[in-house]
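Input: a single structure, listed below in C-alpha coordinates.
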(Lines of atoms letter the chains of each structure in order from A and count residues from 1; the text may use other names and numbers.)
(Lines give C-alpha, C1' and ligand atoms only; values in the text may rest on other atoms or scores of the structure.)
Protein backbone atom coordinates (compact mmCIF):
# COMPACT_ATOMS: atom_id res chain seq x y z
CA UNK A 1 0.00 0.00 0.00
CA UNK A 2 2.82 2.39 0.89
CA UNK A 3 4.63 1.79 -2.40
CA UNK A 4 1.38 2.21 -4.33
CA UNK A 5 0.63 5.50 -2.56
CA UNK A 6 4.17 6.76 -3.27
CA UNK A 7 3.92 5.76 -6.92
CA UNK A 8 0.56 7.48 -7.41
CA UNK A 9 1.69 10.60 -5.54
CA UNK A 10 4.87 10.82 -7.64
CA UNK A 11 3.01 10.39 -10.93
CA UNK A 12 0.36 12.94 -9.95
CA UNK A 13 2.92 15.54 -8.82
CA UNK A 14 4.98 15.05 -11.99
CA UNK A 15 1.86 15.54 -14.12
CA UNK A 16 0.74 18.56 -12.11
CA UNK A 17 4.11 20.32 -12.36
CA UNK A 18 4.43 19.65 -16.08
CA UNK A 19 0.91 20.86 -16.80
CA UNK A 20 1.31 24.01 -14.70
CA UNK A 21 4.41 24.96 -16.68
CA UNK A 22 3.08 24.54 -20.21
CA UNK A 23 3.52 20.88 -21.22
CA UNK A 24 1.18 19.23 -23.71
CA UNK A 25 -1.51 16.90 -22.35
CA UNK A 26 -0.32 13.84 -24.22
CA UNK A 27 3.24 14.38 -22.99
CA UNK A 28 2.01 14.63 -19.40
CA UNK A 29 0.01 11.40 -19.70
CA UNK A 30 2.87 9.59 -21.42
CA UNK A 31 5.36 10.60 -18.71
CA UNK A 32 3.02 9.54 -15.91
CA UNK A 33 2.32 6.17 -17.55
CA UNK A 34 6.03 5.51 -18.16
CA UNK A 35 6.84 6.18 -14.50
CA UNK A 36 4.08 3.82 -13.41
CA UNK A 37 5.22 1.20 -15.91
CA UNK A 38 8.72 1.04 -14.42
CA UNK A 39 7.28 -0.63 -11.31
CA UNK A 40 5.57 -3.32 -13.35
CA UNK A 41 2.20 -1.61 -13.04
CA UNK A 42 -0.04 -0.40 -15.83
CA UNK A 43 -0.82 3.29 -15.39
CA UNK A 44 -4.17 4.74 -16.42
CA UNK A 45 -3.95 8.53 -16.59
CA UNK A 46 -6.47 11.22 -17.43
CA UNK A 47 -5.41 14.84 -17.88
CA UNK A 48 -7.42 17.98 -18.60
CA UNK A 49 -6.32 21.62 -18.34
CA UNK A 50 -7.52 21.68 -14.71
CA UNK A 51 -7.21 18.09 -13.44
CA UNK A 52 -4.50 15.43 -13.33
CA UNK A 53 -5.62 11.88 -12.46
CA UNK A 54 -3.61 8.66 -12.32
CA UNK A 55 -4.64 5.13 -11.35
CA UNK A 56 -3.30 1.61 -11.67
CA UNK A 57 -5.18 -1.14 -13.51
CA UNK A 58 -4.48 -3.73 -10.80
CA UNK A 59 -5.77 -1.56 -7.93
CA UNK A 60 -8.75 0.62 -7.13
CA UNK A 61 -6.62 3.51 -5.92
CA UNK A 62 -6.66 6.81 -7.84
CA UNK A 63 -4.73 10.01 -7.20
CA UNK A 64 -5.96 13.39 -8.39
CA UNK A 65 -4.36 16.85 -8.41
CA UNK A 66 -6.03 20.16 -9.21
CA UNK A 67 -4.32 22.61 -11.57
CA UNK A 68 -5.44 26.16 -10.88
CA UNK A 69 -2.60 28.25 -12.35
CA UNK A 70 -0.87 27.68 -15.66
CA UNK A 71 2.14 29.50 -16.99
CA UNK A 72 4.91 28.96 -19.53
CA UNK A 73 8.21 27.75 -18.09
CA UNK A 74 9.63 25.15 -20.42
CA UNK A 75 12.86 24.91 -18.41
CA UNK A 76 10.83 23.27 -15.61
CA UNK A 77 9.22 20.87 -18.09
CA UNK A 78 12.66 19.96 -19.44
CA UNK A 79 14.04 19.30 -15.96
CA UNK A 80 11.08 17.13 -15.01
CA UNK A 81 11.54 15.15 -18.22
CA UNK A 82 15.23 14.72 -17.38
CA UNK A 83 14.46 13.47 -13.87
CA UNK A 84 11.80 11.06 -15.14
CA UNK A 85 14.30 9.62 -17.64
CA UNK A 86 16.85 9.23 -14.85
CA UNK A 87 14.25 7.27 -12.91
CA UNK A 88 13.39 4.99 -15.84
CA UNK A 89 17.13 4.39 -16.37
CA UNK A 90 17.53 3.35 -12.72
CA UNK A 91 19.74 6.28 -11.72
CA UNK A 92 17.34 7.49 -9.00
CA UNK A 93 14.53 5.85 -7.06
CA UNK A 94 10.89 6.86 -6.78
CA UNK A 95 11.32 8.88 -3.60
CA UNK A 96 14.23 10.82 -5.08
CA UNK A 97 12.22 11.55 -8.20
CA UNK A 98 9.36 12.97 -6.14
CA UNK A 99 11.77 15.09 -4.08
CA UNK A 100 13.58 16.46 -7.15
CA UNK A 101 10.33 17.38 -8.93
CA UNK A 102 8.98 19.19 -5.87
CA UNK A 103 12.26 21.07 -5.43
CA UNK A 104 12.49 22.21 -9.05
CA UNK A 105 8.90 23.47 -8.92
CA UNK A 106 9.44 25.23 -5.60
CA UNK A 107 12.71 26.89 -6.59
CA UNK A 108 12.02 27.51 -10.28
CA UNK A 109 13.44 30.71 -11.66
CA UNK A 110 10.99 33.59 -11.80
CA UNK A 111 11.63 36.95 -13.37
CA UNK A 112 11.20 40.18 -11.45
CA UNK A 113 8.33 42.47 -12.41
CA UNK A 114 10.61 45.14 -13.85
CA UNK A 115 12.50 42.60 -15.94
CA UNK A 116 9.22 41.26 -17.35
CA UNK A 117 8.16 44.78 -18.30
CA UNK A 118 11.56 45.47 -19.90
CA UNK A 119 11.41 42.25 -21.91
CA UNK A 120 7.87 43.02 -23.07
CA UNK A 121 8.98 46.51 -24.14
CA UNK A 122 11.95 45.24 -26.14
CA UNK A 123 9.91 42.45 -27.72
CA UNK A 124 7.20 44.93 -28.73
CA UNK A 125 9.64 47.28 -30.44
CA UNK A 126 11.63 44.50 -32.09
CA UNK A 127 8.59 42.74 -33.52
CA UNK A 128 7.25 46.05 -34.78
CA UNK A 129 10.44 46.35 -36.86
CA UNK A 130 10.31 42.72 -37.99
CA UNK A 131 6.71 43.17 -39.18
CA UNK A 132 7.67 46.13 -41.35
CA UNK A 133 7.43 49.15 -39.05
CA UNK A 134 9.68 52.20 -39.13
CA UNK A 135 12.81 52.51 -37.01
CA UNK A 136 11.63 55.97 -35.99
CA UNK A 137 8.79 54.28 -34.07
CA UNK A 138 11.00 51.79 -32.25
CA UNK A 139 11.38 53.58 -28.91
CA UNK A 140 7.78 54.78 -28.73
CA UNK A 141 6.61 51.21 -29.42
CA UNK A 142 8.89 49.96 -26.66
CA UNK A 143 7.31 52.51 -24.34
CA UNK A 144 3.78 51.53 -25.34
CA UNK A 145 4.58 47.83 -24.95
CA UNK A 146 6.10 48.42 -21.51
CA UNK A 147 3.17 50.48 -20.27
CA UNK A 148 0.68 47.98 -21.68
CA UNK A 149 2.39 45.09 -19.94
CA UNK A 150 2.52 47.05 -16.69
CA UNK A 151 -1.25 47.52 -16.90
CA UNK A 152 -1.61 43.82 -17.68
CA UNK A 153 0.36 42.83 -14.55
CA UNK A 154 -1.60 45.27 -12.39
CA UNK A 155 -4.86 43.88 -13.71
CA UNK A 156 -3.70 40.33 -12.93
CA UNK A 157 -2.81 41.35 -9.41
CA UNK A 158 -5.83 43.42 -8.43
CA UNK A 159 -8.76 42.55 -10.73
CA UNK A 160 -8.07 38.81 -11.05
CA UNK A 161 -10.50 38.43 -13.92
CA UNK A 162 -9.15 35.86 -16.35
CA UNK A 163 -9.09 37.03 -19.98
CA UNK A 164 -10.12 40.55 -18.93
CA UNK A 165 -6.42 41.31 -18.34
CA UNK A 166 -5.72 40.99 -22.07
CA UNK A 167 -8.65 43.31 -22.86
CA UNK A 168 -7.36 46.01 -20.49
CA UNK A 169 -3.83 45.75 -21.87
CA UNK A 170 -4.99 45.91 -25.50
CA UNK A 171 -7.27 48.85 -24.72
CA UNK A 172 -4.38 50.73 -23.12
CA UNK A 173 -2.09 49.91 -26.06
CA UNK A 174 -4.67 51.13 -28.56
CA UNK A 175 -5.22 54.44 -26.75
CA UNK A 176 -1.50 55.13 -26.34
CA UNK A 177 -0.77 54.30 -29.97
CA UNK A 178 -3.49 56.62 -31.24
CA UNK A 179 -2.37 59.35 -28.84
CA UNK A 180 1.23 59.26 -30.07
CA UNK A 181 0.05 59.13 -33.68
CA UNK A 182 -2.06 62.28 -33.17
CA UNK A 183 0.82 64.26 -31.69
CA UNK A 184 3.04 63.21 -34.59
CA UNK A 185 5.39 60.79 -32.82
CA UNK A 186 4.08 57.47 -34.12
CA UNK A 187 3.72 56.91 -37.87
CA UNK A 188 3.23 53.20 -38.57
CA UNK A 189 0.22 52.83 -36.29
CA UNK A 190 -0.79 49.34 -37.39
CA UNK A 191 2.69 47.92 -36.91
CA UNK A 192 3.02 49.61 -33.53
CA UNK A 193 -0.20 48.02 -32.28
CA UNK A 194 0.65 44.58 -33.64
CA UNK A 195 4.13 44.67 -32.15
CA UNK A 196 2.81 45.81 -28.76
CA UNK A 197 0.19 43.06 -28.44
CA UNK A 198 2.50 40.24 -29.49
CA UNK A 199 3.62 39.46 -25.88
CA UNK A 200 0.03 38.40 -25.13
CA UNK A 201 -0.49 36.19 -28.18
CA UNK A 202 -0.92 32.59 -26.86
CA UNK A 203 1.41 30.90 -29.32
CA UNK A 204 2.38 28.02 -27.03
CA UNK A 205 -1.25 27.30 -26.13
CA UNK A 206 -2.16 27.22 -29.83
CA UNK A 207 0.72 24.86 -30.60
CA UNK A 208 -0.19 22.56 -27.70
CA UNK A 209 -3.83 22.57 -28.77
CA UNK A 210 -2.94 21.42 -32.28
CA UNK A 211 -0.52 18.77 -31.02
CA UNK A 212 -3.09 17.44 -28.53
CA UNK A 213 -5.70 17.19 -31.28
CA UNK A 214 -3.21 15.34 -33.48
CA UNK A 215 -2.62 12.87 -30.66
CA UNK A 216 -6.36 12.26 -30.26
CA UNK A 217 -6.81 14.25 -27.03
CA UNK A 218 -9.98 15.97 -28.20
CA UNK A 219 -11.09 17.33 -24.82
CA UNK A 220 -7.83 19.06 -23.96
CA UNK A 221 -7.16 20.13 -27.54
CA UNK A 222 -10.56 21.75 -27.95
CA UNK A 223 -10.48 23.39 -24.50
CA UNK A 224 -7.09 24.94 -25.16
CA UNK A 225 -8.20 25.98 -28.62
CA UNK A 226 -11.21 27.76 -27.13
CA UNK A 227 -8.90 29.49 -24.65
CA UNK A 228 -6.73 30.73 -27.54
CA UNK A 229 -9.80 32.06 -29.35
CA UNK A 230 -11.03 33.88 -26.24
CA UNK A 231 -7.65 35.56 -25.66
CA UNK A 232 -7.39 36.60 -29.32
CA UNK A 233 -10.95 37.97 -29.18
CA UNK A 234 -10.24 39.99 -26.02
CA UNK A 235 -7.13 41.51 -27.62
CA UNK A 236 -9.08 42.42 -30.74
CA UNK A 237 -12.02 43.85 -28.76
CA UNK A 238 -9.67 45.92 -26.61
CA UNK A 239 -8.08 47.52 -29.68
CA UNK A 240 -11.49 48.01 -31.34
CA UNK A 241 -12.95 49.76 -28.27
CA UNK A 242 -9.90 52.03 -28.06
CA UNK A 243 -10.30 53.01 -31.72
CA UNK A 244 -14.03 53.55 -31.25
CA UNK A 245 -13.51 55.92 -28.32
CA UNK A 246 -10.52 57.77 -29.74
CA UNK A 247 -11.59 58.31 -33.35
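Residue numbers (UniProt numbering): 1 to 247. Using N, Cα and C, we set each Cβ at its ideal position, and we do this for glycine too. Treat the numbers as computed from the prediction; the structure is a model and nothing was measured.
For residue i, tell me which candidate among the options has the shortest Cα-Cα distance.
{"i": "residue 231", "options": "18, 200, 188, 209", "result": "200"}
{"i": "residue 144", "options": "134, 226, 121, 240", "result": "121"}
{"i": "residue 7", "options": "63, 26, 132", "result": "63"}
{"i": "residue 212", "options": "12, 13, 172, 29", "result": "29"}
{"i": "residue 171", "options": "51, 242, 190", "result": "242"}
{"i": "residue 254", "options": "203, 195, 39, 13", "result": "Here the chain has residues from 1 to 247 only, and residue 254 is not among them."}
{"i": "residue 115", "options": "153, 214, 238", "result": "153"}
{"i": "residue 187", "options": "227, 129, 234", "result": "129"}
{"i": "residue 50", "options": "107, 25, 156, 34", "result": "25"}
Report the three-state DSSP secondary structure of residue i (helix, strand or coil).
{"i": "residue 91", "result": "coil"}
{"i": "residue 163", "result": "coil"}
{"i": "residue 111", "result": "coil"}
{"i": "residue 199", "result": "helix"}
{"i": "residue 215", "result": "coil"}
{"i": "residue 1", "result": "Reliability fails at residue 1, whose pLDDT of 47 lies under 50, so the model's placement of it is uncertain and the value that follows must be treated cautiously. Coil, per DSSP."}
{"i": "residue 11", "result": "helix"}
{"i": "residue 103", "result": "helix"}
Checking 8 Å against the spacing of the C-beta atoms, do residue i and residue j come in under that value?
{"i": "residue 15", "j": "residue 91", "result": "no"}
{"i": "residue 81", "j": "residue 48", "result": "no"}
{"i": "residue 56", "j": "residue 37", "result": "no"}
{"i": "residue 193", "j": "residue 177", "result": "yes"}
{"i": "residue 68", "j": "residue 22", "result": "no"}
{"i": "residue 173", "j": "residue 197", "result": "yes"}
Can you determine whether any heavy atom of the ligand FAD sits closer than 7 Å to the C-beta of residue i, and answer yes or no?
{"i": "residue 203", "result": "Ligands in the displayed structure: none, and consequently the ligand FAD is not present."}
| Curious, which full-length beta strand (DSSP E) runs of at least 3 residues does the segment 32 to 84 contain? | Qualifying beta strand (DSSP E) stretches, in chain order: 43 to 47, 51 to 56, 62 to 66.
| message | If contact is defined by three or more beta carbon pairs under 8 Å, each pair taking one atom from either stretch, is the segment 121 to 138 in contact with the segment 78 to 86? | response | Below 8 Å, too few C-beta pairs join the segment 78 to 86 and the segment 121 to 138 to call them touching: fewer than three.
| Does the segment 218 to 226 touch the segment 161 to 168, meaning 3 or more C-beta pairs lie closer than 8 Å? | The way I'd put it, the segment 161 to 168 doesn't touch the segment 218 to 226; fewer than three beta-carbon pairs between them come closer than 8 Å.
| Can you give, in chain order, each stretch of the alpha helix (DSSP H) that sits fully within the segment 119 to 193 and has at least 4 residues? | Counting only runs of at least 4 residues, the segment 119 to 193 fully encloses the following alpha helix (DSSP H) elements, listed from N- to C-terminal order: 138 to 158, 164 to 182.
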